[in-house]
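Everything below concerns the one structure shown next.
Protein chains: 2
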Amino acid sequence: MQIDFATAGRIIFGAGKMNELAQIANGMGEKAFLVRSKSQPAAQKVPDLLKSVGIGCVDHIVQGEPSTPSIRAAVEKARSEKCDFVIGMGGGSVIDTGKAVAAMLSNNGDLMDYLEVVGLGHKLEQPSKPYIAIPTTAGTGSEVTRNAVIAVPEKSVKVSMRSPYMLPEVALVDPELTYSVPQTVTASTGMDAFVQVIEPYVCNAANPMVDMFCRDAIPQAAQYLPAVYQDGANQKARDAMAWVSLMGGLSLANAKLGAAHGFAGPIGGMFPAAHGAICAAVIAGVMQVNIRALQEREPQSPSLQRYAEIARWITGDDQAAPEDGAEWMSSLCRQLQIPSLGRLGIQPSDFELIVEKSQHSSSMKGNPLVLTKTELIRILELSL
Amino acid sequence: MQIDFATAGRIIFGAGKMNELAQIANGMGEKAFLVRSKSQPAAQKVPDLLKSVGIGCVDHIVQGEPSTPSIRAAVEKARSEKCDFVIGMGGGSVIDTGKAVAAMLSNNGDLMDYLEVVGLGHKLEQPSKPYIAIPTTAGTGSEVTRNAVIAVPEKSVKVSMRSPYMLPEVALVDPELTYSVPQTVTASTGMDAFVQVIEPYVCNAANPMVDMFCRDAIPQAAQYLPAVYQDGANQKARDAMAWVSLMGGLSLANAKLGAAHGFAGPIGGMFPAAHGAICAAVIAGVMQVNIRALQEREPQSPSLQRYAEIARWITGDDQAAPEDGAEWMSSLCRQLQIPSLGRLGIQPSDFELIVEKSQHSSSMKGNPLVLTKTELIRILELSL
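Here the protein sequences line up with chains A and B, keeping their order. Everything in the first sequence is counted per our numbering, starting at 1 for the first residue and increasing by one. Everything in the second sequence is counted per our numbering, starting at 1001 for the first residue and increasing by one.
Below, the structure written as structure tokens:
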């Protein structure tokens, strides 16, 4: 048993907790840099909340997924405004932008110095400026992870900036902020969260700390994701999915992922599809192919037993076989009207390149076993 | 649901992880202040480990439980040696000493400025110096809590120094360090850990984060504490109890405790008995009296259902009633030869004063319901 666990300095969770923002931020500095999306109405009260404790606020709106140009612009603004700390309020894109800005506020040089793969991959020398991450979707769990996924347009890839210093100082998870998320976003972000508690549980780096989070969250996701999709006003279901999202972040940050995320990175770099939508489109196929491969090549693998556990939890049937879990997940995706890979614009002629790019991604390395090229293509076929 | 969770910056768990100390400490500074107990042989290799990465080490041996004089002496030495960070290796007493030293290395003034109740209770202004906490018992879980319990001899009390800044930078939990713990210490520290996953689970501030830790740890404690008591060489049982201890620290730091700890503080200040021994002596009585009181006055309390869950987990009987859990715990204490309060030197004539001092302790405030004076005395009688 080997565990190396780290998370946000403080995790605050609860409906209405957003109202404590001023008290939470108090002491972090005189001027905040607020990163948010345009469509986030609750963010508009942030400057007033901060004003009540004498903290100034520079408002910065970001659009789309984080990219090197968008982050550079944000960093330049935050540096020139001499902001002391960062607040990020939005979906995973906004939370990740905030992480990168908080890191670049206390570290010199250009963003590319620190990016993996296409950049220099330097370590951050200094701890980030304090960062309060406030997710408004449920979600990526990015409020408790130590990386930001950043698109590099000139290379057509998404890569990570990664450091223990990028763990937010505070993860402020207020489920109320998700109550107004529209149905399609509820579905894709909810599936992202769901996949993020499944893959770490069956991955080849599973550990008892992360197991607790996954065991708690998987049955809740199975119960409440269909519920919240049917009725976005179901607050109990909203709260539960915010919890699942947080557990997903804790899990992926402290174990590994698997083939679904292994595909999602490269596909996200090649096609204009949301991360959650891609994970959702492939997860049933990943489960089916993984289970088959484990049965054939590693029938004693604990991951296979875990697929059986998952199947029993999500189907509610004590006699469920691993495959029943994959089938249930496929049916959930239909129910949630998750677009297939085909609907996301991917064609069979793209498979070869997708597999080539995905095969050695860091997430793929967490998959319960190494899949052959044929098996990887099979997943894409099943997800088309 | 309200959660405000914080823990050590990094939690490393695993047999043999102690060997990675140099790598873990690398970057924390040029000179370490090592706090340890005399009887800790594994600590003797710390200076050599550190030397391999060019880090110097000032060795400091502490005896007995932390007190204002012992901590002042340690702080003076660490300050005059200009140590950059602290390593604490030992039981709860040593870990707590290290916390206080790490805090006082970066904060000015005297210890009394920061002590609760009998001191000025000032907030720490600066984050502690980096602190690596390495427990050698299983145990207090103090490696992931934010307070140090310190005796103030001139006042005959134990009080806390408490701050979010006192959470260690690294909790390094290597179960191998507990393999040689003698049987009586295994029993009392193991009971301490066990009580620390029971009280937070039934307390009035239970929350889903802590629930996960308790649900995971309670059945393991019930299985492995008797096993490790019978056979100290049972490594699987040792590893499990190290895990339970860590879960106990995470739980008590992020929820509350109850009457057992409510008694343990004041009794520990009045009598020369180890914290774990006192918790062990009273826990069965606390469970019995709490269950009776809940049945009489708050039969709908979720804490009562949780006592029933605990009873089912620890007895292994799906039909167990809450009282069966208390009875099982009483039988475990006999099996582990836990000394009664009488054996610890306490007499019925002491009860009045103990209850008076315990009634308003911070741990008592977490008890599932407010107990009457008669009920508190009843617990002491049952534990005599």
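Don't be surprised by glycine CBs; every beta carbon is placed ideally from N, CA and C. Owing to the predicted nature of the structure, the values given are computational and were not obtained by experimental measurement.
For residue i, count the other beta carbons within 10 Å of its own beta carbon; 16 or more makes it buried, fewer makes it exposed. Which is it?
i	result
Met1 (chain A)	exposed
Pro1368 (chain B)	buried
Leu353 (chain A)	exposed
Val1053 (chain B)	exposed
Pro1175 (chain B)	buried
Asp1096 (chain B)	buried
Pro1302 (chain B)	exposed
Asn1290 (chain B)	buried
Gly16 (chain A)	exposed
Gly1268 (chain B)	buried
Val1370 (chain B)	exposed
Ser383 (chain A)	buried
Gly249 (chain A)	buried
Which residues bound the alpha helix (DSSP H) around residue i?
i	result
Arg1162 (chain B)	First-last for Arg1162 (chain B): Val1157 to Arg1162, but that is the beta strand (DSSP E), not the alpha helix (DSSP H).
Met89 (chain A)	First-last for Met89 (chain A): Phe85 to Gly90, but that is the beta strand (DSSP E), not the alpha helix (DSSP H).
Phe13 (chain A)	That residue, Phe13 (chain A), is in no alpha helix (DSSP H); its beta strand (DSSP E) goes Arg10 to Phe13.
Gly1265 (chain B)	Ala1259 to Met1270
Ile61 (chain A)	Premise fails: Ile61 (chain A) lies in the beta strand (DSSP E), Gly56 to Val62, not in any alpha helix (DSSP H).
Asn1254 (chain B)	Gln1235 to Asn1254
Asn1290 (chain B)	His1275 to Arg1297
Tyr1229 (chain B)	Pro1208 to Gln1230
Val1075 (chain B)	Thr1068 to Ser1080
Leu380 (chain A)	Lys373 to Leu382
Asp113 (chain A)	Neither: Asp113 (chain A) is in no alpha helix (DSSP H) and is coded neither H nor E.
Asp324 (chain A)	Pro322 to Gln335
Met1018 (chain B)	That residue, Met1018 (chain B), is in no alpha helix (DSSP H); it is neither H nor E in DSSP.
Ser1303 (chain B)	Pro1302 to Thr1315
Gln1183 (chain B)	Gln1183 to Val1202
Leu353 (chain A)	Phe351 to Ser358
Val1046 (chain B)	Val1046 to Lys1051
Since residue i meets chain B, which of its residues come closer than 7 Å, beta carbon to beta carbon?
i	result
Arg306 (chain A)	Chain B residues near Arg306 (chain A): none, gap ~16 Å exceeds 7 Å.
Asp110 (chain A)	By Cβ distance, chain B contributes nothing, its closest Cβ being about 24 Å from Asp110 (chain A), past 7 Å.
Anything in chain A within Cβ reach of residue i, meaning under 9 Å, just list it in chain order.
i	result
Phe1213 (chain B)	Met212
Asp1231 (chain B)	Correct list: empty, because the minimum Cβ distance to chain A is about 20 Å.
Asp1350 (chain B)	Under the 9 Å cutoff, chain A gives no residues; its nearest Cβ is about 41 Å from Asp1350 (chain B).
Could you please give the first and the last residue of the uninterrupted beta strand (DSSP E) stretch that includes residue i?
i	result
Phe1005 (chain B)	Ile1003 to Phe1005
Arg36 (chain A)	Lys31 to Ser37
Tyr131 (chain A)	Tyr131 to Pro135
Ala25 (chain A)	No beta strand (DSSP E) contains Ala25 (chain A), which is instead part of the alpha helix (DSSP H) from Leu21 to Ala25.
Ile1150 (chain B)	Asn1147 to Val1152
Leu1172 (chain B)	Val1170 to Val1173
Cβ closer than 8 Å: which chain A residues qualify as neighbours of residue i?
i	result
Asp1239 (chain B)	Met1
Check the Cβ of residue i against every Cβ in chain A and list those closer than 7 Å, keeping chain order.
i	result
Ala1006 (chain B)	Gly9 and Arg10
Asp1318 (chain B)	Per Cβ cutoff of 7 Å: no residues; Asp1318 (chain B) is ~15 Å from chain A at best.
Asp1048 (chain B)	In chain order: nothing, as chain A lies at least about 23 Å away.
Residues of chain B with a CB under 8 Å from the CB of residue i: which are they?
i	result
Gly14 (chain A)	Met1001, Gln1002 and Ile1003
So residue i contacts chain B; which residues on that side make the cut at Cβ distance below 9 Å?
i	result
Asp324 (chain A)	Simply none; closest approach about 26 Å.
Output needed in chain order: residues of the region 1281 to 1298 of chain B with a Cβ under 9 Å from some Cβ in chain A.
Cβ contacts with chain A come from no residue of the region 1281 to 1298 of chain B.
Taking three-plus beta-carbon pairs below 8 Å as touching, is the region 1239 to 1258 of chain B in contact with the region 1208 to 1223 of chain B?
Short answer: they touch.
What residues in the region 83 to 100 of chain A have a beta carbon less than 9 Å from any beta carbon of chain B?
Residues passing the 9 Å Cβ filter: none.
Tell me which residues of the region 1243 to 1261 of chain B have at least one Cβ-Cβ distance to chain A shorter than 8 Å, keeping chain order.
For the region 1243 to 1261 of chain B, which is checked against every Cβ of chain A, the residues closer than 8 Å are Trp1243.
Could you say if the region 302 to 322 of chain A and the region 266 to 280 of chain A meet the contact criterion of at least three C-beta pairs nearer than 8 Å?
Cβ pair count under 8 Å is below three, so no.
Residues of the region 156 to 182 of chain A with a CB closer than 7 Å to any CB of chain D: list them in chain order, please.
The displayed structure is made up of protein chains A and B, and chain D is not among them.
Cβ pair count under 8 Å reaching 3, the region 74 to 94 of chain A against the region 36 to 50 of chain A:
At 8 Å Cβ cutoff, the stretches touch.
Contact residues within the region 189 to 213 of chain A, judged by C-beta distance below 9 Å to chain B:
Cβ contacts with chain B come from Asn207, Pro208, Met209, Asp211, Met212 and Phe213.
Check whether the region 111 to 123 of chain A and the region 58 to 72 of chain A touch, using three or more Cβ-Cβ pairs below 8 Å as the test.
Short answer: they touch.
Count Cβ pairs between the region 139 to 147 of chain A and the region 256 to 274 of chain A that sit closer than 8 Å; are there 3 or more?
With fewer than three CB-CB distances shorter than 8 Å, the region 139 to 147 of chain A does not count as touching the region 256 to 274 of chain A.
Could you tell me whether the region 1363 to 1377 of chain B touches the region 1334 to 1347 of chain B, where touching means 3 or more Cβ pairs closer than 8 Å?
The region 1363 to 1377 of chain B is not in contact with the region 1334 to 1347 of chain B.
Going along the region 1112 to 1138 of chain B in order, which residues come within less than 7 Å of chain A, judged by CB to CB distance?
Residues of the region 1112 to 1138 of chain B that bring their beta carbon within less than 7 Å of a beta carbon in chain A are absent altogether.
Using a beta-carbon distance cut-off of less than 8 Å, what residues from the region 1054 to 1079 of chain B approach chain A?
Flagged: no residues at all.
Looking at C-beta atoms only, is the number of pairs between the region 1156 to 1170 of chain B and the region 1193 to 1209 of chain B that lie closer than 8 Å three or more?
No, they do not touch.
Contact between the region 1165 to 1180 of chain B and the region 1119 to 1139 of chain B is defined here as three or more beta-carbon pairs at a separation below 8 Å; is this criterion met?
Short answer: they touch.
If contact is defined by three or more beta carbon pairs under 8 Å, each pair taking one atom from either stretch, is the region 1097 to 1113 of chain B in contact with the region 1029 to 1042 of chain B?
Contact between the region 1029 to 1042 of chain B and the region 1097 to 1113 of chain B is present, because at least three Cβ pairs lie under 8 Å.
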